[in-house]
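First residue of the sequence shown? That's 408 in our numbering, and the numbers climb one at a time after it. From the three backbone atoms N, C-alpha and C, an ideal C-beta is built for every residue, glycine too. One structure below.
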Amino acid sequence: MDFAEVIKGYISHMNDHHSKELEALLKKFGNVDEPKNVLLESIDLEGLDIAHSGGKLRVEFPQKATQENLRDTIIELCKSIEQSKDLGKVEREIVEFAKSFGSACLATLSPKGEVLCTYAPVIHHKEKFFIYISEVGEHFSSIKSHPENIELMFLEDESKAKSVILRKRLRYRVEPRFIQRGGGEFDEVYDSFIEQSGGGGGIKTIRDFADFHLIELKPQGGRFVKGFGEAYLIKDGKASHITGGAGGGSPHKFPHKGA
408 MDFAEVIKGY ISHMNDHHSK ELEALLKKFG NVDEPKNVLL ESIDLEGLDI
458 AHSGGKLRVE FPQKATQENL RDTIIELCKS IEQSKDLGKV EREIVEFAKS
508 FGSACLATLS PKGEVLCTYA PVIHHKEKFF IYISEVGEHF SSIKSHPENI
558 ELMFLEDESK AKSVILRKRL RYRVEPRFIQ RGGGEFDEVY DSFIEQSGGG
608 GGIKTIRDFA DFHLIELKPQ GGRFVKGFGE AYLIKDGKAS HITGGAGGGS
658 PHKFPHKGA
């Protein structure tokens, strides 16, 4: 069958059997509170064009489709609507996403009040985050000087992202707690560090270096972003969907709305 005919079939099927999904796409990506007269006008390998009484919306796929996987790409796009509503699943994903990292970005404020972006190895222990850093590092003096201005971010590898503008990221505002060397907690956490990292590359060697400090970073709130229309606030381990207002939908502004 000619591919153009296949496209026509997809459009007809969506309009006849999946009007609710089209309305949901308008709410999520177009911030349309109550879409009316919804009609899927066209499909190509990069996205969908949906018309409604208030204008038109272009919904792009996270990654360009092929003729072979176009149907599955449309299905996945529609499935993402329901997935974003399952907050329990999002909360589990947040935990697993953080655990997949052995290091993370640190944003701090220097003693001079200058913004500083660095990174540090992260130790995962009993659902808590710890870092082990030297006094020589710039971020150490920043943490000591401005403990109320620290953020920790886990950022998806660019090579794994569907698009450079859709890198999954998890960011927390954190509060530091210094762990005393020689105590049971220090040894327990550092043993976890060796287990998680394998202990190579000098990790066992620096365990007894006096200028290094073990610090717990206690999350005070944060944000998890998966993609367009999928941003979540995090408080006390619970996620809530960031929307464009009381009516829900995407928080982004669209120039074509009402066109």
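Of the residues the options, which one's Cα is nearest the Cα of residue i?
i, options, result
"Leu-432", "Glu-555, Lys-486, Tyr-639 and Leu-494", "Lys-486"
"Lys-575", "Thr-473, Glu-483, Gly-644 and Gly-634", "Gly-634"
"Glu-545", "Leu-523, Gln-603 and His-532", "Leu-523"
"Leu-577", "Asn-444, Val-502, Gly-591 and Lys-625", "Val-502"
"Glu-521", "Phe-504, Ile-530 and Ile-557", "Ile-557"
"Phe-631", "Leu-447, Lys-496 and Pro-469", "Lys-496"
"Val-466", "Leu-447, Asn-476 and Glu-475", "Leu-447"
"Leu-484", "Asn-444, Leu-455 and Ala-411", "Leu-455"
"Lys-471", "Tyr-639, Glu-441, Glu-430 and Lys-569", "Lys-569"
"Ala-705", "Asp-615, Lys-415, Lys-625 and Thr-525", "For residue 705 there is no data in the structure shown, the boundaries of the chain being 408 and 666."
"Lys-427", "Leu-624, Phe-537, Gly-437 and Val-445", "Val-445"
"Lys-551", "Lys-533, Gly-644 and Lys-519", "Lys-519"
"Gly-629", "Phe-504, Tyr-579, Asp-594 and Ser-604", "Tyr-579"
"Gln-603", "Ser-549, Leu-513, Phe-508 and Glu-555", "Phe-508"
Using only the alpha-carbon positions, how far apart do residue i and residue j sit?
i, j, result
"Thr-553", "Lys-611", "Checking the sequence shown, residue 553 turns out to be His, not Thr. Near 30 Å, if we compare the C-alpha coordinates of Lys-611 and His-553."
"His-424", "Ile-481", "14 Å"
"Phe-585", "Glu-500", "28 Å"
"Thr-515", "Val-581", "10 Å"
"Glu-498", "Asp-409", "44 Å"
"Arg-478", "Tyr-417", "8 Å"
"Leu-452", "Thr-473", "6 Å"
"Lys-642", "Leu-559", "15 Å"
"His-648", "His-459", "25 Å"
"Pro-698", "Phe-561", "Residue 698 lies beyond the residue range present for the chain, which begins at 408 and ends at 666; the question has no answer from this structure."
"Ala-646", "Glu-637", "11 Å"
"Gly-590", "Gly-609", "22 Å"
"Gly-651", "Val-571", "Any reading at Gly-651 must be qualified, since the residue scores a pLDDT of 49, below 50, and its modelled position is unreliable; the value itself is stated next. Answer to the nearest angstrom: the Cα atoms are 23 Å apart."
"Gly-547", "Asp-440", "At residue 547 the sequence reads Phe, which differs from the Gly that was named. If I take the Cα positions, the gap works out to 47 Å."
"Lys-415", "Asn-476", "16 Å"
"Pro-583", "Val-413", "57 Å"
"His-531", "Leu-640", "22 Å"
"Arg-614", "Phe-537", "14 Å"
"Phe-436", "Asn-422", "18 Å"
"Pro-626", "Arg-588", "22 Å"
"Leu-494", "Leu-429", "22 Å"
"Leu-573", "Gly-607", "33 Å"
"Gly-644", "Glu-592", "23 Å"
"Leu-624", "Phe-504", "17 Å"
"Ser-517", "Lys-506", "28 Å"
"Ser-449", "Lys-443", "18 Å"
"Asp-594", "Lys-533", "14 Å"
Can you name the start and end residues of the beta strand (DSSP E) that residue i belongs to?
i, result
"Leu-562", "558-562"
"Asp-451", "446-451"
"Ser-460", "Neither: Ser-460 is in no beta strand (DSSP E) and is coded neither H nor E."
"Pro-475", "The sequence shown places Glu at residue 475, rather than the Pro named in the question. Note, Glu-475: premise wrong, no beta strand (DSSP E); not H, not E."
"Glu-637", "637-642"
"Lys-645", "645-648"
If you follow the alpha helix (DSSP H) that residue i is part of, which residue opens it and which one closes it?
i, result
"Asp-423", "410-424"
Kindly examine the ligand COA and report whether one of its heavy atoms sits closer than 7 Å to the Cβ of residue i.
i, result
"Leu-446", "This structure simply doesn't include the ligand COA, nor any ligand for that matter."
(request) Would you check if the stretch 614-630 and the stretch 541-550 touch, i.e. whether three or more CB-CB distances between them fall below 8 Å? (result) Enough Cβ pairs lie closer than 8 Å, so yes.
(message) Does the contact criterion of 3 or more C-beta pairs under 8 Å hold for the stretch 589-602 versus the stretch 562-571?
(response) The way I'd put it, the stretch 589-602 doesn't touch the stretch 562-571; fewer than three beta-carbon pairs between them come closer than 8 Å.
(message) Please give me, in chain order, every unbroken run of the alpha helix (DSSP H) with length at least 4 that falls completely inside the stretch 582-631.
(response) DSSP runs (the alpha helix (DSSP H)) wholly in the stretch 582-631: 591-604.
(request) Counting only runs of 3+ residues fully inside the stretch 484-571, write out the beta strand (DSSP E) ranges in chain order. (result) Within the stretch 484-571, the complete beta strand (DSSP E) runs of at least 3 residues fall at 510-516, 522-532, 535-541 and 558-562.
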